[in-house]
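Single-structure report; data block below.
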Amino acid sequence: MTTAAAYADYGPKLKGLLAGRIVTDFARPDRALDEITAFARRRGVGAVLTVNEYLTELAAHLCAELGVPGNAPDRAGAARDKAAMAKAFTAAGTRAPHTVPVRSDAELRAALADPRVGFPCVVKPRSGAGSAGITVVSDPADASAAADGAREVVGPYGSDGGDSGVLVQAYVAGTEYSVESFTQNGDTTHLAVTRKQVTGGAQRVETGHTLPVSLPPTVEAAVYREVEAAIRATGIRHGASHTEVIVSGDGCMVIEIGARLGAGQIGVLIQHALGIDMWAALLDVALGRPAALAPSARGYAAVRFVTSPHTGRLTSLYGFPRTGPGVPFVRWRVAIGGLVREPGANVHRLGSFVVTGLDAGEVEERADVLLRRVRIHVEAVPENTGQVRPASTSAIAP
């Protein structure tokens, strides 16, 4: 039986899927912790897990209250609050870019003048996800607007704690990867290294993932060493982690870590390429059972995301793949007639598809060929966009 803590704003359909639930206010974490703990004890709950990044700290405290496998509650906030994360990395000796929290224009100017930051640099929200509010700043004149954009990012449930602080971070050039890992009883297993495709320019949005990627042995060892340091620094003891790194000639730098499964269909990629059921493994770890993390397949998988060239109304879509051999997963998120925008965060991606196969090069090539076949037309709309009405997805052509 599945029981869950539900947010008051969740719809009736979602709530109805749960065998048992408690409605609480995640925006008040202390109260939510007390209410969920009491509910869990009444129901005899023996495991706690979440796939929601914004609730990982609450989950760690709940696990501690119930005495079930979970992450260290005193360090779990460092996997969500990026200022705390930077401090934890420094204390643990994890190689990470120099990061300065700022809350005023004066602090912003001081951070930009810090030789450990330099230009280009990255301005990002203290609490956020999915690349929202992140700007690569190449000119000091653009920094103030970037900071204002970061402050506008508000997570669900008041997850920023009312703090609109932002971070200024040294820019790290190199190839972007993520490492998908599971930790159980403090022992970490790395499932795959994922190569990222990312847009250029001031806003960086992920447009594709490919896994597993084979790195030279010395590079792989360096990556895993830094990732494990980040896992320890943020108190991840039981569960999944998704660590973003950049590899260059200077070695590996850890950019961020999340105490969760990788998003952007990474779980789907691992399931199809390696035969590992990430969601079953997550449940096993939460229950204190040995998780099945050994690959049962030796394939490759890639996901590509479709984005809009500019803001407007989607009027047509052609060539979007359908599921079939070697294309096990397809998702389109916007109806014809719906509003779209040029990507400024991962949430602005319009759709995605997964390609699988036994040869890494062929999988990459086929994914890119299919992406080039997609044709979308976006019509500019007047500022009063409320007049635009979504239409049916039946207008989408194959």
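Per the numbering used here, the sequence shown starts with residue 948, numbered consecutively. Positions of the beta carbon are idealized from the N, C-alpha and C atoms, including for glycine.
A1006: member of the alpha helix (DSSP H) spanning T1003 to L1013, first to last residue. A contact between stretches requires three or more CB pairs, one per stretch, nearer than 8 Å, and the region 1295 to 1314 fails this requirement with the region 1224 to 1237. Here DSSP, grouped into helix, strand and coil, assigns L1158 to strand.
8 Å or more divides the Cβ of V1126 from the Cβ of V1166.
One alpha carbon belongs to L1230, the other to G1133, and they sit about 16 Å apart. With fewer than 16 other Cβ atoms inside 10 Å of its own Cβ, L1305 counts as exposed. V1049 carries a strand assignment under DSSP once its states are collapsed to helix, strand and coil. Here the C-alpha atom of G1291 lies approximately 43 Å from the C-alpha atom of R990.
Straight-line measurement puts the Cα of A1030 at about 11 Å from the Cα of G1075. Taking the C-beta atoms as reference points, L980 is found no nearer than 8 Å to V995. Per DSSP, the beta bridge partners of V1070 are T1082 and V1115.
The region 1132 to 1146 makes no contact with the region 1086 to 1093: fewer than 3 CB pairs, one atom from each, lie closer than 8 Å. Look at the beta carbons and you see the region 1239 to 1256 not touching the region 1175 to 1195: under three pairs across the two are nearer than 8 Å. Assignment of G1308 by DSSP, reduced to helix, strand and coil, places it in the helix class.
Remark: C-beta atoms of T1130 and R1184 approach each other more closely than 8 Å.
In this model, W1226 and H1295 are separated by some 25 Å (Cα to Cα).
In this model, T1046 and G1284 are separated by some 42 Å (Cα to Cα). By the Cβ neighbour-count rule, T1003 is buried, with 16 or more other Cβ atoms within 10 Å of its own. By the Cβ criterion, the region 1249 to 1257 is in contact with the region 1150 to 1163, since at least three pairs of Cβ atoms, one from each stretch, lie closer than 8 Å.
Secondary structure of V1064 (DSSP, three-state): coil. Residue burial annotation: E1099 is exposed, with fewer than 16 other C-beta atoms found within 10 angstroms of its C-beta. Ranked by Cα distance from I1202, the first of R1313, E982 and T1190 is T1190. In the three-state reduction of the DSSP assignment, H1189 falls in the strand class, which pools E and B.
With 16 or more other CB atoms across the displayed protein chains lying within 10 angstroms of its CB, A1023 is buried. With a beta-carbon spacing of about 6 Å, V1113 and R1073 fall inside the 8 Å limit used to define contacts. Taken through DSSP and simplified to helix, strand or coil, L1240 comes out as coil.
For A1007 against P1020, the beta-carbon gap comes to about 5 Å, under 8 Å, which counts as contact. The alpha-carbon separation between R1172 and G1198 amounts to approximately 11 Å. A direct Cα-Cα distance of roughly 14 Å separates G1209 from Y1001. Burial check for P1163: the Cβ neighbour count within 10 Å stays below 16, so the residue is exposed. Counting only runs that start and end inside the region 1264 to 1305, the beta strand (DSSP E) elements of at least 3 residues fall at 1276 to 1279 and 1298 to 1304.
The shortest CA-to-CA distance from D1086 to any of F1066, G1014 and G1096 is the one to F1066.
Separation of R1319 and G1205 (C-alpha to C-alpha, rounded to the nearest whole angstrom) is 32 Å.
For a cut-off of 8 Å, the C-beta gap from R1260 to V1170 is around 43 Å, too long to register as a contact. For S1091, the enclosing alpha helix (DSSP H) covers residues A1090 to R1098. The continuous stretches of alpha helix (DSSP H) do not include E1326, which lies in the beta strand (DSSP E) extending over residues R1322 to E1326.
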